[in-house]
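Working notes, beginning with the structure itself.
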Amino acid sequence: METVWEWLRTVCGYYRAQGRLLALDLTTVVARAGARLLIPAVALHVFQVCLPAGDLRATGWSALLFALLAVGAAALEWCGTICGQWLGFRIEAALRADFFDHLQRLPFAFFDRTKTGEVLSRVTSDLRMVGSTAHLLPEALLEISLTLVGAFAFMFWINPTLAAFTLIPVPFILFFAGSFQKRIHQVWRENRHEAATFAAHVENAVQGIREIKSFTGEARARRAFRHANARFRRSFEKVSALYAPLFSGTQLLLEGYSLLYIALGAWLVARDSATLAQVFAFFMYSRYVTAPMLRIVGFLDLFQQGLVGFRRFREFVAQPPEDDPAGDAAPLGPVRGEIRLEGLRFRYPGAPRDVLDIPALTLPAGAVCALVGPSGGGKSTLAALIPRFYAPTAGRILLDGRDTATIPKRDLRAAIGIVAQRPFLFDGTVRDNLLLGRPDADDAALWAALEAANLAPAIRARPEGLDTPVGEHGLRLSGGQAQRLAIARVFLKNPPILILDEATSALDTFAEAAVQEALGRLSAGRTTLIIAHRLTTIRHATQICYLEDGRIAESGSPDALLALANLPTSPDPHEAPHAKP
Numbered sequence: 001m002e003t004v005w006e007w008l009r010t011v012c013g014y015y016r017a018q019g020r021l022l023a024l025d026l027t028t029v030v031a032r033a034g035a036r037l038l039i040p041a042v043a044l045h046v047f048q049v050c051l052p053a054g055d056l057r058a059t060g061w062s063a064l065l066f067a068l069l070a071v072g073a074a075a076l077e078w079c080g081t082i083c084g085q086w087l088g089f090r091i092e093a094a095l096r097a098d099f100f101d102h103l104q105r106l107p108f109a110f111f112d113r114t115k116t117g118e119v120l121s122r123v124t125s126d127l128r129m130v131g132s133t134a135h136l137l138p139e140a141l142l143e144i145s146l147t148l149v150g151a152f153a154f155m156f157w158i159n160p161t162l163a164a165f166t167l168i169p170v171p172f173i174l175f176f177a178g179s180f181q182k183r184i185h186q187v188w189r190e191n192r193h194e195a196a197t198f199a200a201h202v203e204n205a206v207q208g209i210r211e212i213k214s215f216t217g218e219a220r221a222r223r224a225f226r227h228a229n230a231r232f233r234r235s236f237e238k239v240s241a242l243y244a245p246l247f248s249g250t251q252l253l254l255e256g257y258s259l260l261y262i263a264l265g266a267w268l269v270a271r272d273s274a275t276l277a278q279v280f281a282f283f284m285y286s287r288y289v290t291a292p293m294l295r296i297v298g299f300l301d302l303f304q305q306g307l308v309g310f311r312r313f314r315e316f317v318a319q320p321p322e323d324d325p326a327g328d329a330a331p332l333g334p335v336r337g338e339i340r341l342e343g344l345r346f347r348y349p350g351a352p353r354d355v356l357d358i359p360a361l362t363l364p365a366g367a368v369c370a371l372v373g374p375s376g377g378g379k380s381t382l383a384a385l386i387p388r389f390y391a392p393t394a395g396r397i398l399l400d401g402r403d404t405a406t407i408p409k410r411d412l413r414a415a416i417g418i419v420a421q422r423p424f425l426f427d428g429t430v431r432d433n434l435l436l437g438r439p440d441a442d443d444a445a446l447w448a449a450l451e452a453a454n455l456a457p458a459i460r461a462r463p464e465g466l467d468t469p470v471g472e473h474g475l476r477l478s479g480g481q482a483q484r485l486a487i488a489r490v491f492l493k494n495p496p497i498l499i500l501d502e503a504t505s506a507l508d509t510f511a512e513a514a515v516q517e518a519l520g521r522l523s524a525g526r527t528t529l530i531i532a533h534r535l536t537t538i539r540h541a542t543q544i545c546y547l548e549d550g551r552i553a554e555s556g557s558p559d560a561l562l563a564l565a566n567l568p569t570s571p572d573p574h575e576a577p578h579a580k581p
């Protein structure tokens, strides 16, 4: 029940934002219900007054009124359907906007443990359920209430005995439908879980289609898909198996009610306690009782779907956003770029031990520091701590003498440019991806960044130029071109601090040469942290730190450490500095 009230409180906020549309929708509901309730009364007047009196003129006018009411109700139905659906779409869109706003505030740890397909399922199908329920809830409650109250009022006015009889099955039907609600909620919750799992499976298969084909794993992928698809199908079958007795049982109760009503009507007519015209009018009004009863049952199904979708939405927005205690602190101001680590330790949530333990490390402003060492040593983790994608477990990181925990994260991250081993490119154009670095950049600035990244000739050779589509994840570009586009993006950002996380390790020799030249330009005059396995990547470093098991085993100048490692100072481009100094 708490979830229901919370759902109502939340949705009411969205109703207020769409007040005019909601008012128009509910106005059509009231007018439509009134028109339909008058139709049987007009029919009763024709059969009980006009026809017995032989008044054809009154009969004609009554028939015209009957037709106008029917057409008017249909027109109001059309208008109300549009208003109601637009209301639902707008509420759904507002929910999605709030969902996405919260998504962008979540910490990296959330994305580490959450599948992309599950997020997509929540923002699409779950919120679609909430939006549908939100627009139908006020409509259904108002129309069902007006129809039932109005129908019973007319029935009591026509014949109190028959009217009293029509009230008998209502509590039984409501009790019968209510007894299913807990199980309905559970099966819909299971269905939404399976929907999210299925979406994650499909997303994973689509993203990995090249690997599936290269390893000829189509048969295995089909088996896995069929298994996930079968689980998803069975979740719907559970819903169907539960609704079959609910709807059929409700229909049986209503049919039994109709049979008893006919028998009672015939008995009253035989005793001259009711007229045929009254029984006929009652029969028409009985449709306004049975139809809402069936609609209540159907709406309870929809409401449970919406409630499940809302519960999953609430679970998502209950995820704590990224902590930024310095959000209201003084802005960062000009940055020189000195980075200092003091007593730094870090442990991932749930991990048995620290993955980083660095008592002290200083990167002077403008220095180029290379982090080398075996994989899993903590190099990328350290790089993620500097922009506070994760918060240190202990110790602190200082930027120009100021603890980064006291710097607003937006300011801190604006001062840092990152080029990763596999840069993410958005499915758009070259221009779209560049503007992420500086949204207000003009074409001249974009071309200058491409020139600096050694990518301008390749883009100019394409007929679309800056509007060249890059494809999903940059698949229409070569690996070297994608990497240089990411570098150009950082050129536009122009940050004082640069992090290069194995930015050339996935490239061939020729592509690496072009990227290295661009990186050399990019790192000039900036504090640069390089994570590398290739010696060519670190040959211009002013400082090298050998990181192993989360600790700095050795640090010093490149010549000194390479000599300790027995490696040449002019290494082969593919030789990796894995030997411990």
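Residue numbering for the sequence shown follows this note's numbering, beginning at 1 and increasing consecutively. Beta carbons: idealized from backbone N, C-alpha and C, even for Gly.
Between the alpha carbons of T81 and L64 lies a distance of about 26 angstroms. Taking the Cα positions, A514 is about 32 angstroms away from R340.
Counting along the chain, C369 sits inside the beta strand (DSSP E) bounded by residues 368-372. Per DSSP, the unbroken beta strand (DSSP E) holding C545 starts and ends at 543-548. The beta carbon of D126 is closer than 7 angstroms to those of R192, G309, R312, F313 in its chain, skipping five residues each way along the sequence.
Counting along the chain, L363 sits inside the beta strand (DSSP E) bounded by residues 356-363.
A direct Cα-to-Cα measurement between P364 and P469 gives close to 40 angstroms. For the set A391, R226, P334, the Cα lying nearest the Cα of F108 is the one of A391.
Judged by beta-carbon spacing, P292 lies within the 8 angstroms limit of I144, meaning their Cβ atoms are closer than that value. Close CB contacts of C545 within its chain, under the 6 angstroms cut and outside five residues either way in sequence, are with L371, I552, S555 (chain order). Under the DSSP assignment, I212 falls in the alpha helix (DSSP H) whose first and last residues are 209-214.
The Cβ atoms of D432 and T393 lie no closer than 8 angstroms to each other. For G417, the three-state secondary structure derived from DSSP is strand. Nearest Cα to A23 within the set C83, F283, V46: C83. Contact check for S258 and S286: beta-carbon distance about 7 angstroms, within the 8 angstroms limit, so the pair qualifies. As computed with DSSP, I552 is found in a beta bridge with L547.
In this structure the region 156-174 touches the region 274-282; the number of beta carbon pairs closer than 8 angstroms is three or more. The bridge partners DSSP lists for R402 are L399. Partner residues in the beta bridge of E342, as assigned by DSSP, are A360, R396. Counting along the chain, the unbroken alpha helix (DSSP H) around I91 starts and ends at 56-105. Take V297, set aside five residues on each side of it, and the residues of its chain with a beta-carbon closer than 6 angstroms to its own are A177, T250, in chain order.
Membership of D112 in the alpha helix (DSSP H) is indicated by the continuous run 108-113. In terms of CA proximity to Q421, Q516 leads the group G13, Q516, R347. Cβ contact annotation for L276 (same chain, cutoff 8 angstroms, sequence separation greater than five): F47, V269, in chain order. The criterion of a C-beta distance shorter than 8 angstroms is satisfied by F225 and A205.
When DSSP states are grouped into helix, strand and coil, I407 belongs to the coil group. Nearest to V170 by C-alpha distance, out of L294, A33, S380, is L294. A distance below 6 angstroms between beta-carbons, with the five flanking residues on each side excluded, links D272 to no residue of its chain.
DSSP places P469 in the strand class (E or B) of the three-state scheme. In the three-state reduction of the DSSP assignment, L500 falls in the strand class. Selection D55, L436, T28, I397 evaluated against L425 yields L436 as nearest (Cα-Cα). For T527, the enclosing beta strand (DSSP E) covers residues 527-531. Following the DSSP letters along the chain, one finds D443 inside the alpha helix (DSSP H) bounded by residues 443-452. The region 482-490 makes contact with the region 453-473; the number of CB pairs closer than 8 angstroms reaches 3 or more. With respect to the C-alpha of A329, the residue from T406, Q304, R336 having the closest C-alpha is T406. Within the DSSP secondary-structure output, T116 pairs in no beta bridge.
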